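*Asks:* The opening residue of the sequence shown carries number 715 in the numbering used here; numbering runs sequentially from there. Idealized CB from N, CA, C, for every residue including glycine. Note that the coordinates shown come from a computational prediction; the quantities given were computed from them, not determined experimentally. The structure's right below; bear with me while I get my questions together.
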Amino acid sequence: MAAWFLIAVSALAVADEPLSNDRLISIGVAKVDVTPEGPIRMHGYAFRKEESTGVAQRLWAKALALGTDDEKPAIMITVDNCIVPAPVIDEVAERLNREAGIPRERLAVCATHTHAGPMLVGAAPFIFAEPMPPDHRARVERYTERFIDCLERVALDALVARRPGRLDWTQGTVSFAGNRRKIRNGKWIGMGFNPEGPVDHALPMLRVTDADGTLRAVLVNYACHATDVRSYEIHGDWPGSAQVAIEAAHPGVIAMVSAGCGADANPEPFREDHVEEHGQAVADEVERLLAGPMRPIRSLPECRMKRIDVPLGKLPGRAEWERQAAGNDRPAYYARAVLERMDRGVEPPASFSYLVETWSFGDQLSIVFLPGEVVVDYALRLKRELGDDLWVTAYANDVPCYIASRRVIAEGGYEVTGAMPSYDKPAALAPEAEDLIVATVHELLPEQAKSQRNRSGGREGDRSMFSAIRLVFVSVCFRMLTDISNP
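See the structure below:
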């Protein structure tokens, strides 16, 4: 009788666990130091007109490679930088295709958006509203060349490091992101904490383990600007501090952080002395999630990509550019550049190229990669329409400008018009841009992924109910075993 109970208990205890080898995936992870070797122009804050004075925290590029050579591996790179422009990523993609046969749609490069990292060639080129000194420009060019080499190297290192392992994912919550758009009577009135504004506090996490269960890496995504650090010292901001804390708690593990749709969110409190606190908040939630249940991923991602043209709103005429050019601010500096181009016969563009990418892990999880500084409405809408088994990463594969939603465009303000000159954009996004981008995501996701979203609630509910019943039954069984053993 006791033996029978032991068999029943053992079966129930592992009833919702996978078989030992049923979902092994070839997985590689790697990291490469991308910290500047000397003073360099920093990116993120326009007031910084001088080069960096030191290094407060090392910067890293990290890569996750999934699949064997025959399966055409998928590679995700996260990197501590504010803006990684398309030409940099295109060069990395060309090299990886040439050297390892990686198709473009199976590569995603994601910036953490730290505002205390080095500038790259082509990143928001008008942010400083003045020409960069030649020696500053030369150091940015040299660093950009090294940066490209580092992204190539970390991807290749991850491919070399592949071995059988497992992927699991779950989702937690971190609360320090706060909406930064102050609104009055439906219109933007300035930057500041808006407790009533929308935010996305979700912290999705991907766990990588070896076949024996040993932790190898974690990847998390959070929708908040990395703007705590405003000094002249190189720093990864809260994403960097989160990585440091996670890796300190798990020696040998690689921690990766990507940025969600937090273009209209800042850390709250928004001060440099809180950067470690914010990073630790992410690390603490990672610890909690690692100790809890996970959802297994049993397949490699199906990777899809589509390039679209995102329309801009009404462009100013020459008279308006001339009026703006008379000032001394960033719009004036940009207007003079536009006029110089117009004199050469180059008219301002009415749209810009935008690369949407999706990774779908069967019916278990889908990750969306959106370029640019994407406001929170996109993530909230996509999860509302497609379900919570969706992970939206911004600042991915390019950062062409802020990507405002229809609501934010109607409100106006910094993310709509104020920042566009920095990105060499002559106008705000057209209101229809949101629907175009969202429709493209719908188009790219496989039907299997979309249909699963419609029934995920029932599946998760059934699983939770079964787990509860299983726990009660196991407890009863052990109590009965105790009674049998001790008459």
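Between which two residues does the beta strand (DSSP E) harbouring Cys1017 extend?
*Replies:* To locate residue 1017, count along the sequence shown from 1; it is residue 303. Residues 1016 to 1025.
*Asks:* Do Pro1135 and Arg1044 have their C-beta atoms closer together than 8 Å?
*Replies:* For the purposes of this step, residue 1135 is identified with residue 421 of the sequence shown, where counting begins at 1. For the purposes of this step, residue 1044 is identified with residue 330 of the sequence shown, where counting begins at 1. Closer than 8 Å, so yes.
*Asks:* In whole angstroms, what separates the C-alpha of Tyr1048 from that of Ala1040?
*Replies:* Along the sequence shown, read from residue 1 onward, the residue named residue 1048 stands at position 334. Along the sequence shown, read from residue 1 onward, the residue named residue 1040 stands at position 326. Roughly 11 Å between the two C-alpha positions.
*Asks:* Locate the beta strand (DSSP E) running through Ser740, then write down its first and last residues.
*Replies:* The count along the sequence shown starts at 1 and reaches residue 740 at position 26. Here the beta strand (DSSP E) through Ser740 covers 739 to 747.
*Asks:* Would you tell me roughly how many angstroms separate the C-alpha atoms of Tyr857 and Pro750, rounded to the nearest one?
*Replies:* Counted from its first residue, the sequence shown places residue 857 at position 143. Counted from its first residue, the sequence shown places residue 750 at position 36. Each residue's alpha carbon lies about 7 Å from the other.
*Asks:* Could you check whether Ala843 and His757 sit closer than 8 Å to each other, using their CB atoms as the reference points?
*Replies:* If you number the sequence shown from 1, residue 757 lands on position 43. If you number the sequence shown from 1, residue 843 lands on position 129. In this structure, Ala843 does not lie closer than 8 Å to His757 by Cβ.
*Asks:* Taking Asp1125 as the reference, give the member of Met833, Ile897, Gly1101, Val1088 with the closest Cα.
*Replies:* For this step, residue 1125 is matched to residue 411 along the sequence shown. Going by the sequence as given, residue 1125 is Glu instead of Asp. Of the listed residues, the one whose Cα sits closest to Glu1125 is Ile897.
*Asks:* Can you give me the C-alpha to C-alpha distance between Gly1172 and Pro1010, rounded to a whole angstrom?
*Replies:* Here the question's residue 1172 lines up with position 458 in the sequence shown. Here the question's residue 1010 lines up with position 296 in the sequence shown. Low confidence applies to Gly1172: its pLDDT is 38, below 50, so where it sits in the model is not reliable, and the reading given next is rough at best. Their Cα atoms are separated by approximately 17 Å.
*Asks:* Can you tell me which of the three DSSP states Val793 falls into?
*Replies:* Within the sequence shown, residue 793 is the residue found at index 79, counting from 1. Three-state result, Val793: strand.
*Asks:* Do the segment 972 to 986 and the segment 938 to 949 make contact, defined as three or more Cβ pairs closer than 8 Å?
*Replies:* They touch, by the three-pair rule.
*Asks:* Assess contact between the segment 859 to 870 and the segment 1060 to 1072, defined as three or more Cβ pairs (one per stretch) separated by less than 8 Å. Is contact present?
*Replies:* Touching, no, given that fewer than three Cβ pairs across the two stretches are closer than 8 Å.
*Asks:* Grab the span of the beta strand (DSSP E) containing Lys896 for me, first residue to last.
*Replies:* Along the sequence shown, one-based indexing puts residue 896 at 182. Unbroken beta strand (DSSP E) run through Lys896: 895 to 898.
*Asks:* Going by CA-CA distance only, name the one from Arg1095, Lys1020, Ala744, Leu1014 that's closest to Asp882.
*Replies:* Here residue 882 is taken as the residue at index 168 of the sequence shown, counted from 1. The shortest C-alpha separation from Asp882 is found at Leu1014.
*Asks:* What number of angstroms, rounded off, separates the C-alpha of Val913 from the C-alpha of Tyr759?
*Replies:* The residue given as residue 913 occupies position 199 in the sequence shown. The residue given as residue 759 occupies position 45 in the sequence shown. Between Val913 and Tyr759, the C-alpha separation is close to 23 Å.
*Asks:* Could you pull out every residue in the same chain whose Cβ sits closer than 8 Å to the Cβ of Glu1207, ignoring the five residues on either side in sequence?
*Replies:* The shown model of the chain, from 715 to 1201, leaves out residue 1207, and the question about it has no answer.
*Asks:* Cα-Cα, which of Cys824, Thr828, Arg772 is closest to Tyr1109?
*Replies:* As a working mapping, residue 1109 is identified with position 395 in the sequence shown. Of Cys824, Thr828, Arg772, the residue nearest in Cα terms is Cys824.
*Asks:* Are the CB atoms of Asp794 and Pro918 within a distance shorter than 8 Å?
*Replies:* Position 204 of the sequence shown, counted from the first residue, corresponds to residue 918. Position 80 of the sequence shown, counted from the first residue, corresponds to residue 794. Against a cut-off of 8 Å, the Cβ pair of Asp794 and Pro918 comes out as no contact.
*Asks:* Extract the residue ranges of the beta strand (DSSP E) inside the segment 758 to 828, only unbroken runs of 3 or more that lie entirely within it.
*Replies:* As far as the segment 758 to 828 is concerned, its whole beta strand (DSSP E) runs of at least 3 residues are 774 to 780, 788 to 793, 821 to 825.
*Asks:* Pull up the distance between the alpha-carbon of Ala1142 and that of Ala1064, whole angstroms please.
*Replies:* Counting from one through the sequence shown, the residue named residue 1142 turns up at place 428. Counting from one through the sequence shown, the residue named residue 1064 turns up at place 350. When rounded, the distance between both Cα atoms is 10 Å.
*Asks:* Could you check the C-alpha separation between His988 and Val1082 for me, to the nearest Å?
*Replies:* Here the question's residue 988 lines up with position 274 in the sequence shown. Here the question's residue 1082 lines up with position 368 in the sequence shown. So the alpha carbons of these two residues sit roughly 30 Å apart.
*Asks:* Counting pairs of Cβ atoms below 8 Å between the segment 949 to 967 and the segment 996 to 1004, do you hit three or more?
*Replies:* At 8 Å Cβ cutoff, the stretches touch.
*Asks:* Considering only their Cβ atoms, is the gap separating Val934 from Val967 smaller than 8 Å?
*Replies:* Numbered from its first residue, the sequence shown carries residue 967 at position 253. Numbered from its first residue, the sequence shown carries residue 934 at position 220. Not closer than 8 Å, so no.
*Asks:* Can you have a look at Arg1177 and say buried or exposed, based on whether 16 or more other CB atoms are within 10 angstroms of its CB?
*Replies:* Your numbering for residue 1177 matches position 463 in the sequence shown. The predicted model places Arg1177 with a pLDDT of 42, which falls under 50 and marks its position as unreliable, so this point remains unresolved.
*Asks:* Where does Thr1072 land, buried or exposed, given buried means 16+ other C-beta within 10 angstroms?
*Replies:* Against the sequence shown, residue 1072 aligns to sequence position 358. Label assigned to Thr1072: buried.
*Asks:* Taking DSSP's pairing of strands, which residues face Pro878 in a bridge?
*Replies:* Taking the first residue of the sequence shown as position 1, residue 878 is located at position 164. Ser740.
*Asks:* Need the endpoints of the alpha helix (DSSP H) that Ser955 sits in, please.
*Replies:* Taking the sequence shown and counting its residues from 1, one reaches residue 955 at position 241. Residues 951 to 963.
*Asks:* State the Cα-Cα distance for the pair Phe840 and Ala872, rounded to the nearest angstrom.
*Replies:* Translated into the one-based positions of the sequence shown, residue 840 becomes position 126. Translated into the one-based positions of the sequence shown, residue 872 becomes position 158. Looking at the two C-alpha atoms, the distance is approximately 35 Å.
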